[in-house]
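Engineer: Add 1 to the 1-based position in the sequence shown for the numbering used here, that's all there is to it.
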Amino acid sequence: MPSNDTQTDAVELTPVHVDHLIADGELAAENAWCVSYDTETLPEQRPAFVPLALWQANQDDVELAPLLSSDTELTTELGQQLSGINAIAVDFPAFTDGRGYTLARLLRERYGYTGEIRAVGDVLVDQLDYMRRCGFTAMALRDDQHPDDAIRALNMFSVRYQTDVEQRQALFERRLLASE
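1) Using CA atoms only, rank isn't needed, just tell me which of G116, R111, L177 is closest to E78.
2) Classify V63 as helix, strand or coil using the three-state DSSP reduction.
3) Flag this pair as yes or no: are the beta carbons of Q146 and V121 separated by less than 7 Å?
4) Please name the residue, chosen from S71, L178, R134, that lies closest to L53 on a Cα-to-Cα basis.
5) Tell me where the beta strand (DSSP E) around M140 begins and ends.
6) Starting from the Cα of L104, find the closest Cα among V63, P148, I89 and give me that residue.
7) Pick from N87, D92, L28, F137: whose alpha carbon is nearest that of D62?
8) From T115 to S84, what does the alpha carbon distance come to, in whole angstroms?
9) Work out the CA separation of E41 and E31 for me, nearest whole Å.
10) Quick one: using the 10 Å Cβ neighbour count with 16 as the cut-off for buried, is L178 buried or exposed?
11) From this set, P48, G26, L55, which residue's C-alpha is nearest C35's C-alpha?
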């Protein structure tokens with residue numbers, strides 16, 4: 002009889018296909034992409050997000066895109082390597098791990114990335130507005146999160162005080178310019 006650790010490892014390596022995907026502020030009609038955390042073997046399901054090293058070894062496969070772990074060091078070389086692809090997934094291993102926000106913001110602001118950045122993993126409704134402001138264009142919700150709540154959360158705030166990847170001026174700066 003296999004140990005519980007073996008069973009847990011097998012479940013983690015099975016490609017994940019999320020049912021609720023928010024893309025460009027709306028519930029996506031379908032989600033073709035699966036996410037594979039297996040660092041050794043390419044998944045049979047395609048298209049797929051795969052760990053960075055596996056993607057780098059198989060860049061010629063157009064049905065693969067990189068999955069960045071939250072501890073990925075985004076060097077200049079890696080930023081340039083990623084700049085020409087259509088989609089990148091950033092893993093949130095726990096909703097309390099905020100390193101993925103930094104990865105998205107660096108990709109957008111420092112490396113000029115214009116493709117899809119998708120949040121995957123432990124993605125909660127409460128995080129979506131912040132994710133969008135950091136540069137995420139797609140968010141794969143955790144199974145227990147309701148998509149209607151997600152859409153409401155994304156549309157909750159009409160004005161933001163701070164800057165973000167889309168709004169480069171703080172509210173006080175915009176007000177100053179408007180009063181001149």
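Even glycine gets a Cβ: it sits at the ideal position worked out from N, Cα and C.
Note that this is a predicted model, so its numbers are computed, not measured.
Structural biologist: Put simply:
1) R111
2) coil
3) no
4) S71
5) 139 to 141
6) I89
7) Ranking N87, D92, L28, F137 by Cα distance to D62 puts N87 first.
8) Rounded to the nearest angstrom, the two C-alpha atoms are 8 Å apart.
9) 28 Å
10) exposed
11) Of the candidates P48, G26, L55, the one whose C-alpha sits nearest the C-alpha of C35 is P48.
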